[in-house]
Amino acid sequence: MCDEEVAALVVDNGSGMCKAGFAGDDAPRAMWISKQEYDESGPSIVHLQQAATANAVNETNKAVKEGEEKW
Numbered sequence: 197m198c199d200e201e202v203a204a205l206v207v208d209n210g211s212g213m214c215k216a217g218f219a220g221d222d223a224p225r226a227m228w229i230s231k232q233e234y235d236e237s238g239p240s241i242v243h244l245q246q247a248a249t250a251n252a253v254n255e256t257n258k259a260v261k262e263g264e265e266k267w
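This is the structure we're talking about:
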């Protein structure tokens, strides 16, 4: 058997932000916006900077709303 500890990966797929890290850490190691943007060509991933300056032409939706997935 191996004596090394293995940390569990924790992923929080929230309605506004996704966060990932290891169990026992004080803070997430990665965070990103969990939104999709729709235009005439269909859904696409919204990058952090694009989400902050989304134009009025495209509709931005959260992938998870009140615990319900909307893919």
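Add 196 to a position in the sequence shown, counting from 1, and you land on the number used in this note's numbering. In this text, a Cβ means the ideal position worked out from N, Cα and C, and glycines have one as well.
query                                                                                                                                                                 : result
Taking only three categories from DSSP, how would you classify Gly212?                                                                                                : coil
Give the DSSP bridge partners of Ala226, in chain order.                                                                                                              : Ala216
To the nearest angstrom, how far is the alpha carbon of Trp267 from that of Ala204?                                                                                   : Per-residue confidence for Trp267 stands at a pLDDT of 47, beneath the threshold of 50, marking its modelled position as unreliable; the derived number appears in the next sentence. The straight-line gap from Cα to Cα measures roughly 27 angstroms.
Between Val207 and Ala216, which are expected to be in contact by the criterion C-beta below 8 angstroms, what is the C-beta distance as a whole number of angstroms? : 5 angstroms
According to DSSP, is Val202 helix, strand or coil?                                                                                                                   : coil
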